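Quick note on numbering: the numbering used here labels position 203 of the sequence shown as 204, and the sequence is numbered without any gaps.
Only one structure is covered here, and it is reproduced in the block below.
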Amino acid sequence: EGSREKFDESLNVLMVLLSREEVSWNGKFYNFEPLTIMPRPLSEPMPQIVMSALIPEAIYHSTLRGFHIQTTPLQGDMNKMLEQVDAFKRGKTELGAAGEHLTVSLSRVAFVVRNERERRAKLELAYDYYSRFDNVSTGPGLVSHGAVEPLPRNQTIEQLDENLLICTPEQMVDKLGPYADAGIDEIIFNMNIGTTQSETLDAMQCISEEVMPHFDDRRRSKVA
């Protein structure tokens, strides 16, 4: 509760500093005499803010405040993702015309491969990634020799496989369809799972050449 209260006040301080000059503040966590942050933002009345949130209610309330949303279901399934997107849509709908410009972006672990052997290898890297992520996100934060320790997971590697975008380019086009249909404006591909730089660059090029053109066509058809 205390951290939420401090977060809300910190956000309010940031917004007023961005939108006004010679701001003073007398709050629970911040107290300062009139000051002006420099350089001043060019956007009027202030730069647009993208809020990162995971819990549907946090997404909903952040949207109501007029923020763009960046979220992720992490290793969760499509139902979790749809709950997050629905929370954004509820907030956007309640804002009416004032929220028409708001967008939601979603991050998902993704990697394109050419065959089953490559797919399995990348999936195992992703499973190890989440074994360490769980340690620092919801676990004890164990570190050994400067590296985060992997912890046993309740989710099997097969269950994780169903929720990630590790597949061939053709399969990725099919898998991304439901995300587009759900109304997600941007997909952020999290490819930081321990692959080499050359592998990652090759995968990025493949996505841009063999996957994204399909969704450019979809966007054009919606506009038309």
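Backbone N, C-alpha and C fix where the C-beta goes; we use that ideal spot for every residue, glycine too.
A quick note: this is a predicted structure, and the numbers were derived from the prediction, not measured.
Closest residue to residue i among the options (Cα-Cα distance)
i    : options                   : result
L166 : S108, Q156, L202 and G142 : S108
E117 : P170, G97 and S106        : P170
M173 : T139, M39 and R115        : R115
K29  : R5, R120 and E22          : R5
I56  : M39, L75, L43 and I38     : L75
A99  : A122, Q160 and T64        : T64
V51  : L12, E84, E163 and L36    : L12
A122 : L143, D162 and N136       : D162
A119 : E200, V110, I189 and V144 : Looking at the sequence shown, residue 119 is not Ala but Glu. Selected option, being the one with the closest Cα: E200.
A59  : Q49, L36, P46 and F89     : F89
Those residues which DSSP pairs with residue i across a bridge
i    : result
C168 : V113
I188 : L107
H102 : Note: H102 sits in no beta bridge, so no partner.
V302 : Residue numbering for the chain in the displayed model covers 2 to 225; residue 302 lies beyond these limits and cannot be assessed.
Three-way DSSP call (helix, strand, coil) for residue i in this model
i    : result
S63  : helix
E125 : helix
M16  : helix
S44  : coil
L161 : helix
M52  : strand
L36  : strand
N193 : coil
H215 : helix
N136 : helix
Q198 : helix
Burial state of residue i, where buried means 16 or more other Cβ atoms lie within 10 Å
i    : result
G92  : buried
D186 : exposed
L124 : buried
F112 : buried
Y271 : With the chain running from 2 to 225 in the structure shown, residue 271 is simply not present.
T73  : buried
F8   : exposed
Q206 : exposed
V86  : buried
L202 : exposed
(message) Pairs of beta-carbons, one from the stretch 65-72 and one from the stretch 142-149, closer than 8 angstroms: are there three or more?
(response) Touching, no.
(request) Mind the definition here: the stretch 187-196 touches the stretch 121-132 only if three or more C-beta pairs lie below 8 angstroms; say whether that holds. (result) Taking a cut-off of 8 angstroms on C-beta distances, the stretch 187-196 touches the stretch 121-132, as three or more cross pairs fall below it.
(request) Count the CB pairs spanning the stretch 174-184 and the stretch 73-93 that are closer than 8 angstroms, and state whether there are at least three. (result) These segments touch.
(message) Using 8 angstroms as the cut-off, can you tell me whether the stretch 203-214 makes contact with the stretch 132-141, which would need three or more C-beta pairs spanning the two stretches below that distance?
(response) Counting C-beta pairs closer than 8 angstroms gives fewer than three between the stretch 203-214 and the stretch 132-141, which falls short of the contact rule.
(message) Can you confirm whether the stretch 39-49 touches the stretch 13-23 when touching is taken to mean that 3 or more C-beta pairs between the two stretches lie within less than 8 angstroms?
(response) Yes: at least three Cβ pairs fall under 8 angstroms.
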